[in-house]
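Protein chains in written order, with full-length UniProt numbering: chain A, 1 to 332; chain B, 1 to 172.
In C-alpha cells, the structure reads:
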C-alpha cells in the first residue's frame, strides 16, 4: 500500500515534468525580419517651442543581427535648424542607479541645410540616438516637421515622420539681473532679446536710450514697497527716493501676478507654460502703472505703452541685492 | 397583542414620515434655501489684489451695529483692481452680488483719508481706538464708498453696510 503510494507520486511528478517541458517559446507578434525604427519627442509635448531653444528627440533603430548592422542615420528638418543642431553620437543605457550611461556608436554628426546625418562607427545592430534641433529664427510662427531615416549594411532603409510642431512667436530671455539704482532700467523694445536691462552708465553714455525704457526697478527698505517696478506715470507717493531719468515717458501697463510658475521661465517642476495664446487673450484692462512688494515666484504681465509688445516677467529671485527675472515677450 | 404592537409601529413610522416632509424649505431664485434665520450681519471683509493675494494688514474691523466694515490695507496697494470677498452669517445673501468670475472692481471710492494720532497703529496693526473713531464719525465717510446690503436667511431683514478702506502709513 505504502509503496504504491510512492510510485504513484513519482509517476505524477514525471507527468508534471512532461507537461512543463512541452512549452515551446511562442512569439506574440510576427518576427522582425527587416530594419525597423521608432521615434519619440523627449521635450515636453505641451511646452511651447521657442526660438533659440532646443527640441529633443530620441530615434531608435534596430535590425536582426543575422541581417547586418546599422550604417547611417539622418534627419531632414523642413526648416534647417540653427547652429547647434546635432545628433548625439552616443547611444545611452540606464545603469542600476538610474544614470544615463553614454556609449559612443557613431562619428560626429554632419549638418548641411536641413539634413543632419551620422555614420555608425561601432558594429551595432541596435541604437537609440538623441537628436537636438535648435529652433531657428526662420521658423518663428511656422510649423516644422522632421523625417528620420536609417540605413543598414544589407541595403535596407526605414523612415519615421515626426511633427509638424508649431513654433511660438514669442521670445524668451532668462536670468536678467536687476539692481536698485544701477542696473534698473528695463526695456522690452530690443530687436532680438525679450528684455534688456540698461544701467545708469549706459544711459549716461547714450541718453537716447531713455525713450526705450519701459520700466524702472527699485528696491526699498520698507516691507510695504520692497522690490518694485514703475511705469513713467506711477504715483510719486509710492516711489520715495526713486528718480526717473529724463526722457523716460513710457506709460507701461502692469498686472501683478503671484504663483504663475512658467516652467521655461522658472525652471521649477510645475508644468505650466505661457504661450502665444495667453498674450493674445489676456485682458490688460485691469492694469496698473506700478507694482510693489514683488517676491520670488511672483511676476507681472506687461504691455508696452505703444501696445506693440506684451510680456510676462517672472521673478526667479528677490534678495537683498536686487532681483533676477526671466521674461517672455510677444510681439502684438 | 401582536396587532396592537404592529399598529403602533406603523402609526409611529407614519408620524415620522410626516415630520420629515414638513421640513421642506422654499428655494429662492438663486437656488438657495430661504430659512428661518433672522441674523443679518457681515462677519469678514477681504480684499484681493490682481495676484490673488490679500492686500489687508491685520484683521478687518466690522461694526455690526453701525453697519460698517473697514479693511486696513498695505501702503501703496492699488485699489482700482480689487476682488472683494464679504463673509456673511449663515444663510444670508449679499445684494448686489459679487460675481464669481472676473469680479475685479474699482474700490478706490471707499478709500478714507484719516488723520492718524498716537496709538492708532500698534505693531503695524490698526487699534480699536482708530476703528472706533472712524465708525463714530459717519459724516466723514466718503460719499463714493461702496455699499452692500445683507439679506437675512428668511429674506425679511435687510441691512446696508458701508465698506471703507484705510491705507496704513508707510512702515519703515
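For each residue, glycine too, the CB sits at the ideal point set by N, CA and C. These numbers come from a predicted model, not from an experiment.
What does a CB cutoff of less than 7 Å around residue i pick up in its chain, not counting 5 residues either side in sequence?
i                      : result
residue 113 of chain A : 80
residue 131 of chain B : 61 and 70
residue 291 of chain A : 228, 229, 254, 256 and 300
residue 25 of chain B  : 33, 34 and 35
residue 45 of chain B  : 60, 62, 69, 71, 86 and 163
residue 332 of chain A : 307, 308, 309 and 310
Against chain B, with Cβ distances strictly below 9 Å, would residue i count as a contact?
i                      : result
residue 270 of chain A : no
residue 298 of chain A : yes
Determine, using beta carbons only, whether residue i comes closer than 9 Å to chain A.
i                      : result
residue 30 of chain B  : no
residue 111 of chain B : no
residue 33 of chain B  : no
residue 56 of chain B  : no
residue 168 of chain B : yes
Counting only Cβ pairs nearer than 7 Å, list the residues of chain A close to residue i.
i                      : result
residue 182 of chain B : This structure does not reach residue 182 of chain B, given that chain B is present from 1 up to 172, and the question cannot be answered.
residue 171 of chain B : 222, 223 and 224
Residues of chain A with CB under 9 Å from residue i, in chain order?
i                     : result
residue 47 of chain B : In chain order: nothing, as chain A lies at least about 14 Å away.
residue 80 of chain B : 286 and 288
Just how far apart, CA to CA, sit residue i and residue j?
i                      : j                      : result
residue 254 of chain A : residue 100 of chain B : 23 Å
residue 283 of chain A : residue 303 of chain A : 10 Å
residue 4 of chain A   : residue 12 of chain A  : 12 Å
residue 188 of chain A : residue 288 of chain A : 17 Å
residue 268 of chain A : residue 298 of chain A : 13 Å
residue 202 of chain A : residue 326 of chain A : 21 Å
residue 275 of chain A : residue 266 of chain A : 14 Å
residue 61 of chain A  : residue 92 of chain A  : 13 Å
residue 58 of chain B  : residue 105 of chain B : 22 Å
residue 89 of chain A  : residue 111 of chain A : 13 Å
residue 67 of chain A  : residue 131 of chain A : 26 Å
Which chain A residues sit within Cβ distance under 8 Å of residue i?
i                      : result
residue 130 of chain B : Simply none; closest approach about 18 Å.
Enumerate in chain order the residues of its own chain whose CB-to-CB distance from residue i is below 6 Å, with the five nearest sequence positions on each side excluded.
i                      : result
residue 148 of chain A : 39, 59, 75 and 160
residue 43 of chain A  : 55 and 56
residue 248 of chain A : 210, 213 and 232
residue 39 of chain B  : 89
residue 166 of chain A : 143
residue 66 of chain B  : 135
residue 49 of chain B  : 55
Residues in its own chain within less than 8 Å of residue i by CB, not counting five upstream and five downstream?
i                      : result
residue 71 of chain A  : 119, 120, 151, 152 and 153
residue 293 of chain A : 223, 224, 225, 226, 227 and 228
residue 169 of chain B : 75, 116 and 121
residue 46 of chain A  : 271 and 273
Residue i versus chain B: which residues are under 7 Å apart at the beta carbon?
i                      : result
residue 258 of chain A : 51, 52 and 53
residue 255 of chain A : 50
So within the stretch 227 to 311 of chain A, which uninterrupted beta strand (DSSP E) runs reach at least 3 residues, ignoring any that extend past its ends?
227 to 230, 253 to 258, 290 to 294 and 298 to 303
Secondary structure, beta strand (DSSP E): runs of 3+ residues fully inside the stretch 19 to 74 of chain A:
36 to 41 and 54 to 62
Report the residue ranges of all beta strand (DSSP E) runs contained in full by the stretch 105 to 160 of chain A; include only those spanning at least 3 residues, in chain order.
110 to 112, 115 to 119, 126 to 134 and 143 to 152
Report the residue ranges of all beta strand (DSSP E) runs contained in full by the stretch 138 to 167 of chain B; include only those spanning at least 3 residues, in chain order.
146 to 151 and 158 to 167
Ignoring anything shorter than 3 residues, give me the beta strand (DSSP E) runs that lie fully in the stretch 74 to 139 of chain B, in order along the chain.
83 to 88 and 93 to 95
Pull out every residue of the stretch 117 to 146 of chain B whose Cβ sits closer than 8 Å to any Cβ of chain E, in chain order.
The chain inventory of the structure shown lacks chain E, comprising the protein chains A and B.
Please go through the stretch 154 to 202 of chain A and give each complete beta strand (DSSP E) segment of 3 or more residues, from N-terminal end onward.
157 to 166, 171 to 178, 185 to 187 and 196 to 198
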